[in-house]
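Report on the following structure.
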Amino acid sequence: MAINWFKYSSPASFYFLAGKMIPFFSIAAVILCLAGLYIGFFVAPTDFQQGEAYRIIFIHVPAAWMSMFLYVVMAMWSGIGLAFNTRLSSMVATAIAPTGAMFTFLALWTGALWGKPMWGTWWVWDARLTSELILLFLYIGFMSLQAAIDDPRRADKAGAMIALVGVVNVPIIYFSVKWWNTLHQGASVSLTQSPKMATTMLTGMLIMSLACWMYAIAMVLIRTRAVILERERHTAWVGELQGAA
Amino acid sequence: MIWTSLSDFLDMGGYGFYVWGSYLVFLICIAGEIILVSNRKRTLLKHLSLIHQSTKQEKRNETSS
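Here the protein sequences come in this chain order: A and B. Per the working numbering, numbering of the first sequence is gapless, rising by one per residue and ending at 245. Per the working numbering, numbering of the second sequence is gapless, rising by one per residue and ending at 1065.
Written as structure tokens, this is what we have:
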């Protein structure tokens, strides 16, 4: 059976498809979050070095991962929108930015609250922390630039430039702990080495990451639907939507 | 069981301020984002239905006159 994938590149059909998908991702996010928090607080043992303070890891690492993943996904959709002039791709990129910025802020915030008891300082200008802060500024720059341009298609193109240029920052964040001497510890999970932490800690962290993924997908779909309605409000199908409601 | 009592749980081995400070702000951000997005959707739909009604009204006026 051949599926016509291009059908869903039209904002109108995507609007209805997204509407059907949102409940599944939302429910998955809630269930995974509850499971992850249960493991994080009641199953995972106390860390022998950091005591209970390490429990910040269950939100710090997922938030930091999401901040980087979402930026790459945003840049990818921006690039596709720029290259193929597809409206929906750019709308998705616009919808990703606020959620990405929120996760970046949370990575910095939880990091500061973890740094204070462990390193004795809220903030240092070290490579990992500084490059993550630049990521936050990139998200804010993307959003403010798009908000400053009235014509949505021009705003998409300008935003895409920031998104694509800024994407070089993501590998810098990721490898910063290897390339420079940083106060920040090395990667928590690596493909080449076996995990350095207890299995239950790792499980809790991975489940919380999945929960954040599901939450971010649900949030992006909801916001994309709002962006579609805003931009397509003069079209016949949005009018019919109102007639039916 | 890791925790002996609720106060033990809230104390987090002396790191309560840092652990709960992280989780509280995380929760506030998520809740805030959900509220902002649903408000945006609601005002948008209200606005759209106003437009729809006014165009309907115009059409009715055109046919009656």
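Note that the Cβ used here is the ideal one computed from N, Cα and C, for glycine as well.
Opposing strand residues paired with residue i [DSSP bridges]
i	result
GLY51/A	ASP47/A
Burial state of residue i (16 or more Cβ within 10 Å)
i	result
GLU52/A	buried
TYR38/A	exposed
TRP213/A	buried
ARG153/A	exposed
TRP77/A	buried
THR110/A	buried
PRO171/A	exposed
ALA127/A	buried
GLN146/A	buried
GLY1014/B	exposed
ARG225/A	buried
THR99/A	buried
PHE223/A	The question names Phe, but residue 223/A is Arg in the sequence shown. It is buried - the Cβ of ARG223/A has at least 16 other Cβ atoms within 10 Å.
THR1063/B	exposed
ILE57/A	buried
ALA148/A	exposed
HIS1068/B	Outside the modelled stretch of chain B, which goes from 1001 to 1065, sits residue 1068/B, for which no answer is possible.
THR199/A	exposed
SER1054/B	exposed
VAL1019/B	buried
ALA83/A	exposed
PRO62/A	buried
TRP179/A	exposed
Under 9 Å by beta carbon: chain A residues contacting residue i
i	result
LEU1044/B	ALA226, LEU229, GLU230 and ARG233
ARG1060/B	The contacting residues do not exist; ARG1060/B stays about 14 Å from chain A at best.
ILE1002/B	PHE41, PHE42, VAL43, ALA44, PRO45, THR46 and GLU52
As assigned by DSSP and simplified to three states, the class of residue i
i	result
THR1055/B	helix
LEU60/A	For the sequence presented, residue 60/A should be read as His rather than Leu. Correct three-state label for HIS60/A: helix.
MET201/A	helix
TYR38/A	helix
ALA216/A	helix
TRP125/A	coil
ALA187/A	coil
HIS234/A	coil
TYR8/A	helix
ILE31/A	helix
ILE1028/B	helix
ILE1002/B	coil
ASN85/A	coil
GLY120/A	coil
TYR15/A	helix
TYR1018/B	helix
Within chain B, partners of residue i - CB distance below 8 Å
i	result
VAL238/A	LEU1048
LEU106/A	VAL1025, PHE1026 and CYS1029
THR99/A	GLU1033
ILE59/A	SER1022, TYR1023 and PHE1026
Neighbouring residues, chain B, relative to residue i (Cβ below 9 Å)
i	result
ARG55/A	MET1012, TYR1015, VAL1019, SER1022 and TYR1023
LEU113/A	PHE1017, TYR1018, VAL1019, GLY1021, SER1022 and VAL1025
MET102/A	CYS1029, ILE1030, GLY1032 and GLU1033
TRP109/A	GLY1021, SER1022, VAL1025, PHE1026 and CYS1029
Residue i: contacting residues in chain B (beta-carbon distance under 7 Å)
i	result
LEU136/A	Here the premise fails: no neighbours, minimum Cβ distance about 13 Å.
LYS116/A	TYR1018
Write down every uninterrupted run of the alpha helix (DSSP H) in the stretch 123-182 of chain A whose length is 4 residues or greater and which is fully enclosed by it, in chain order.
With a minimum length of 4 residues, the unbroken runs of alpha helix (DSSP H) contained wholly in the stretch 123-182 of chain A fall at 127-148, 152-166 and 169-179.
Under 9 Å, CB to CB, which of the residues in the stretch 211-226 of chain A have a partner in chain E?
Looking at the structure shown, chain E is missing, and the protein chains on hand are A and B.
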